[in-house]
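First up is the structure itself, then whatever we jot down about it.
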Amino acid sequence: MNISRKVLTLDEYTIQQVRQIPNATGELSALLRDIGLAAKRVNVEVNKAGLVDILGDVGSVNVQGEDVKKLDVFANDQFTGVLQHGVSCAGIASEELDNYVPFDDSESKKSKYVCLFDPLDGSANIDVNVSIGTIFGVYRRVSAKGSIATKEDFLQKGTQQVAAGYIVYGSSTMLVYGTRRGVNGFTLDPSIGEFSLSHPDIKCPPAGKMYSVNHGNFFQYDKKVQSYINICQKKDKSTGGPYTQRYIGSMVADVHRNLIKGGIFMYPGTLDKPKGKLRLLYECNPFAFIVTVAGGKATNGIQRILDIQPTELHQRTPLFIGSKNMMEELEAELAK
Ligand code: P6P
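To convert a position in the sequence shown, counted from 1, into my numbering, add 2.
Given below as structure tokens:
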């Protein structure tokens, strides 16, 4: 008897993937389910952040030199905890932690994946109820299974990701993840407490009408970047300009919107920060993987984000990411 199930939950979908992929061990699917569980726990706290004394700074300062908010710490602990107590992850690296954390228990050491994440990106927006998010990337470890994870496991090019995703805690809570087989979006259904497949096979529209950049830094940008931003603002039948400017100041929200509707997000280098602000390993690489699989592009202005060989965990990179046609317009401007 074939029981029809209108909407697959994240768990059902990931298990279906295991059934469909020959020789799949189910480890990656189990890791994604672990992330979904942590996301549900973080979602509860994010949704009540204004009601309980969970706001406000812990008083400590993280490796980024930013005041750490209690939700950052909570989220970091949730994602670290589910991955450490699961059966699929040999270690993690997090924006909130100075160094990577290899899991030294025997079960974790047998795992073949490591995970890097920004547990709560955009946390400065928590106090004003603007959408925030979690970003993660999953790599097959390069060190031997059974041994303790090493730094090389975490310093791999973005092309080596086996999966990447994000959770956006917004008007609804969505978990979006991609593998080489495609990108799928799951919306949290409060009635059953499960992420349910709401956006199957997401494709990034090749053209869009929105550009996202912090105009406050305009005069610090490279002249060619300024020139592209001017193109975005000009009426021009060939480009469909002028575009609408949308910048939330929360990368997950901005890039998610552009992925679904089409658009380009830019965090260029500035005179003060030539490498920009965003982190390569756990902010730019996961989004570059997702947007590229969905048909878009992502560069640092010179090369593909996914091709950059990392040298340190918290290194920054300029980021240009979004719809293929818009990215090619930008690249033409940068090449002049
Ligand atoms: P700015 C949030 O702090 C964040 O890391 C990203 O989520 C966001 O896109 C960016 O910084 C905003 O930075 O300098 O424009 O405020």
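For glycine and all other residues, C-beta sits at the position ideal for the given N, C-alpha and C.
Check                                                                                                                                                                     : Outcome
Tell me whether the beta-carbon of residue 209 lies closer than 8 Å to the beta-carbon of residue 243.                                                                    : no
Run the proximity test for residue 212: is its beta-carbon closer than 7 Å to any non-hydrogen atom belonging to ligand 1?                                                : no
Do residue 165 and residue 181 count as a contact pair if the criterion is CB distance below 8 Å?                                                                         : yes
Going by DSSP, what residues sit across from residue 104 in a beta bridge?                                                                                                : 93
Would you kindly report the start and end of the unbroken beta strand (DSSP E) that includes residue 299?                                                                 : 299–301
Could you pull out every unbroken alpha helix (DSSP H) segment of at least 4 residues lying fully inside the segment 157–238, listed in chain order?                      : 225–235
Take every Cβ of the segment 280–292, pair it with every Cβ of the segment 221–240, and state whether three or more of those distances are shorter than 8 Å.              : no
Under a three-way DSSP split, which group does residue 150 fall into?                                                                                                     : coil
Rounded to whole angstroms, what is the Cα-Cα separation between residue 73 and residue 237?                                                                              : 43 Å
Quick one: what does DSSP say residue 311 is sitting in, helix, strand or coil?                                                                                           : coil
With residue 259 as the anchor, note down where its beta strand (DSSP E) starts and where it stops.                                                                       : It is not in any beta strand (DSSP E) - residue 259 instead sits in the alpha helix (DSSP H) that spans 253–263.
Taking only the alpha-carbon atoms, compute the straight-line gap between residue 215 and residue 147 and give it to the nearest angstrom.                                : 42 Å
Mark residue 192 as exposed unless 16 or more other C-beta atoms lie within 10 angstroms of its C-beta, in which case mark it buried.                                     : exposed
To the nearest angstrom, how far is the alpha carbon of residue 188 from that of residue 36?                                                                              : 15 Å
Tell me the rounded alpha-carbon separation between residue 30 and residue 326.                                                                                           : 29 Å
Can you list, in chain order, the residues of its chain whose CB lies under 7 Å from that of residue 112, leaving out five sequence neighbours each side?                 : 147 and 148
In whole angstroms, give me the CA-to-CA distance for residue 332 and residue 88.                                                                                         : 43 Å
Please name the residue, chosen from 92, 42 and 212, that lies closest to residue 150 on a Cα-to-Cα basis.                                                                : 92
With DSSP run on the structure shown, which of helix, strand or coil describes residue 284?                                                                               : helix
Spatial neighbours of residue 120 within its chain, please: CB distance less than 6 Å, with the 5 preceding and 5 following residues excluded, ordered by chain position. : 97, 137, 284 and 285
Can you tell which of 296, 256 and 133 has its C-alpha closest to the C-alpha of residue 48?                                                                              : 133
Run through DSSP, which three-state label would residue 155 get?                                                                                                          : helix
Between residue 317 and residue 308, what straight-line distance do the alpha-carbon atoms span, to the nearest angstrom?                                                 : 14 Å
With a CB to CB cut of under 7 Å and the five nearest residues on each side skipped, what residues in its chain are close to residue 245?                                 : 211, 212, 213 and 234
Heavy atom of ligand 1 less than 7 Å from the Cβ of residue 315, yes or no?                                                                                               : no
So, for residue 249: in the same chain, excluding its five sequence neighbours on each side, which residues have a beta-carbon less than 7 Å away from its beta-carbon?   : 214, 215, 216 and 256
From the DSSP output, read off the bridge partner residues of residue 247.                                                                                                : 213
What is the rounded straight-line gap between the Cα of residue 105 and the Cα of residue 163?                                                                            : 20 Å
Quick check on residue 79: does DSSP put it in helix, strand or coil?                                                                                                     : helix
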